[in-house]
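Residue numbers (the UniProt record's numbering): 1 to 117. Below is one structure, written out as structure tokens; comments come after it.
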Amino acid sequence: MTVVYHELLPESYLLILAPGREGGPETGLAHWLKCAQRSGKPAVWVDCGMLKSLSSEAIRLLWNSHYQLQEKHAQLVLVHVPERVRKELLEQELGPAPCIVPTLLDAARQTNWREIA
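Take a look at the structure:
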């Protein structure tokens, strides 16, 4: 998995993912998820629109990030998630799943809704 774009936005931290070398380590994803968690933003948006599948390590990293963000009262929001990627992620479900929305606009709405609630 390769993080092709990352940006600190006013209310979130955005990561855009692309396929990486098959079987390669997910060090880039791990690094940028940690950066996003340390940003102090109420949400981390991860755009999965370019992915066709997830490695088991990427799935583990996303679930761990989801739990760590929840502990900080923040949220992992997955965006543009293809059906196969969604199934792979949810097959490893260990509790309440991360928020999955169709668009970045929906991610913004979800983040704003949580702040109001």
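Even glycine gets a Cβ: it sits at the ideal position worked out from N, Cα and C.
Beta-carbon proximity check, residue i vs residue j, cutoff 8 Å
i   : j   : result
V3  : W32 : yes
L78 : C35 : no
G28 : M1  : yes
Alpha carbon of residue i to alpha carbon of residue j, nearest angstrom
i   : j   : result
L76 : R21 : 24 Å
A43 : L15 : 11 Å
W63 : P10 : 24 Å
P25 : E57 : 8 Å
L8  : R38 : 11 Å
Sequence-distant residues of its chain with Cβ nearer than 7 Å to residue i (five each side left out)
i   : result
H66 : L76 and P98
Close beta carbons around residue i, own chain, < 8 Å, minus the five adjacent residues each side
i   : result
R84 : K52 and S53
P82 : C48, G49, L51 and K52
Residue i CB to nearest heavy atom of the ligand NAP below 7 Å
i   : result
R84 : Absence of the ligand NAP from the depicted structure is noted, as is the absence of any ligand whatsoever, leaving it without description.
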